[in-house]
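Remarks on the structure that follows.
Numbering (the numbering used here), first residue to last: 1416 to 1713.
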């Protein structure tokens, strides 16, 4: 199998940084991007890398579409193509819903959703032209378990990403372009909490108790105590994309929940939904016209 060319966003830390090294160690080529190229250009920043199979570029997914397109065009020239796009860049804003405004949601969506659309649209034409490619979306367990207070902005942006990706997959599969929706649970990456600090103050005093409780939860129970090993997670992602190792012989999964907590969150939400569907089916399914029109959507 010829080496793949990966373009990975948000590679200064976390899954992004580890994915760069994992792909390089499989003999592939990687274009690593970050908002500040200086943050990823230090020799040895990506263990095992060399100048032949690794290139770095500055890319902020909140840039205007034209600027993103120019950057993707530059990236494509480095190795002649992009086989795998990994939309990893993003962050979490933590606020209680009543404390935040629509503008706060827009700010979160600019990085976690709208920016991903622009990057993906900039890469897709070359994949369509070659009738092959893979688009990896780093979503989150949070979209399946948004009931944790202060996570509404992040969870809703990741839920939007999942639904967008499902439709995208249906539309581009005709060009032999695959979509993989990766939904990690809690993994022990650096600064997962400190990089997205929660300010335990707000304008509505009635929420003070829950603010303090959630602040303690993130700082005392989450940071540095996550069960998930990010190194194992990125190895599985590369296995799936390349169809080798632990993923050899398996069918392509549109969804890839990572970690026992993510698997359980998806399972619990689906079971809860089916419980409601089954209980109310006799009423909710009996709402057609008495003489319905015949139609079919393939």
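Even for Gly, the Cβ is constructed at its ideal location relative to N, Cα and C. Just so it is clear, the structure is predicted and the values come from calculations on it, not from any experiment.
Residue i versus residue j - alpha carbon distance
i: residue 1665; j: residue 1583; result: 22 Å
i: residue 1459; j: residue 1436; result: 11 Å
i: residue 1693; j: residue 1484; result: 47 Å
i: residue 1587; j: residue 1542; result: 10 Å
i: residue 1669; j: residue 1604; result: 24 Å
i: residue 1620; j: residue 1516; result: 17 Å
i: residue 1471; j: residue 1518; result: 32 Å
i: residue 1651; j: residue 1661; result: 7 Å
i: residue 1568; j: residue 1690; result: 27 Å
i: residue 1457; j: residue 1450; result: 15 Å
i: residue 1678; j: residue 1687; result: 14 Å
i: residue 1538; j: residue 1696; result: 43 Å
i: residue 1493; j: residue 1473; result: 14 Å
i: residue 1441; j: residue 1417; result: 11 Å
i: residue 1467; j: residue 1709; result: 60 Å
i: residue 1646; j: residue 1566; result: 25 Å
i: residue 1454; j: residue 1711; result: 53 Å
i: residue 1663; j: residue 1496; result: 25 Å
i: residue 1585; j: residue 1631; result: 42 Å
i: residue 1544; j: residue 1513; result: 46 Å
i: residue 1529; j: residue 1657; result: 28 Å
i: residue 1407; j: residue 1490; result: Outside the modelled stretch of the chain, which goes from 1416 to 1713, sits residue 1407, for which no answer is possible.
i: residue 1667; j: residue 1659; result: 12 Å
i: residue 1520; j: residue 1419; result: 36 Å
i: residue 1426; j: residue 1706; result: 57 Å
i: residue 1443; j: residue 1540; result: 22 Å
Integer-rounded CB distance, given that residue j should sit under 8 Å from residue i
i: residue 1498; j: residue 1421; result: 7 Å
i: residue 1469; j: residue 1445; result: 5 Å
i: residue 1577; j: residue 1596; result: 6 Å
i: residue 1590; j: residue 1546; result: 6 Å
i: residue 1424; j: residue 1448; result: 5 Å
i: residue 1592; j: residue 1550; result: 7 Å
i: residue 1500; j: residue 1598; result: Between residue 1598 and residue 1500 the Cβ distance is about 17 Å, and since that is not below 8 Å, they are no contact.
Under the three-state DSSP convention, the category residue i falls into
i: residue 1506; result: coil
i: residue 1560; result: coil
i: residue 1576; result: helix
i: residue 1642; result: coil
i: residue 1489; result: helix
i: residue 1670; result: strand
i: residue 1529; result: helix
i: residue 1386; result: Here the chain has residues from 1416 to 1713 only, and residue 1386 is not among them.
i: residue 1424; result: coil
i: residue 1457; result: coil
i: residue 1711; result: coil
i: residue 1628; result: helix
i: residue 1548; result: strand
i: residue 1687; result: helix
i: residue 1467; result: coil
i: residue 1476; result: coil
i: residue 1587; result: helix
i: residue 1450; result: coil
i: residue 1716; result: The structure shown does not extend to residue 1716, since the chain is modelled only from 1416 to 1713, so the question has no answer here.
i: residue 1543; result: helix
i: residue 1553; result: strand
Neighbour flag for residue i against chain B, beta carbons, 9 Å
i: residue 1444; result: In the displayed structure, chain B is absent; only one protein chain is listed.
Other residues of its chain near residue i: CB distance less than 6 Å, five sequence neighbours each side excluded
i: residue 1641; result: 1601, 1602, 1603
i: residue 1580; result: 1552, 1594, 1596
i: residue 1531; result: 1502
i: residue 1622; result: 1511
i: residue 1428; result: 1605
i: residue 1465; result: none
i: residue 1486; result: 1474
Close beta carbons around residue i, own chain, < 7 Å, minus the five adjacent residues each side
i: residue 1564; result: 1511, 1625, 1629
i: residue 1649; result: 1430, 1433, 1434, 1437
i: residue 1462; result: 1436
i: residue 1548; result: 1498, 1542, 1592
i: residue 1618; result: 1514
Residues near residue i in its chain [Cβ-Cβ closer than 8 Å; skip 5 each side]
i: residue 1676; result: 1556, 1600, 1601, 1642, 1643
i: residue 1671; result: 1595, 1596, 1597, 1598, 1651, 1652, 1655
Distance cut-off 8 Å: residue i Cβ against heavy atoms of the ligand SAM
i: residue 1626; result: The ligand SAM is not part of this structure, which contains no ligands at all.
Query raised in the report: Just checking, does the region 1468-1482 make contact with the region 1525-1537 on the three C-beta pairs under 8 Å criterion?
Result: Enough Cβ pairs lie closer than 8 Å, so yes.
Query raised in the report: Counting pairs of beta carbons, one from the region 1565-1579 and one from the region 1495-1508, are three or more of them closer than 8 Å?
Result: yes
**Report entry** Cβ pair count under 8 Å reaching 3, the region 1676-1693 against the region 1543-1559
**Finding:** With a cut-off of 8 Å, the region 1543-1559 and the region 1676-1693 count as touching, because enough Cβ pairs lie within range.
Report task. Say whether the region 1693-1702 touches the region 1619-1627, bearing in mind that this needs 3 or more beta-carbon pairs closer than 8 Å, one atom from each stretch. Result -> no
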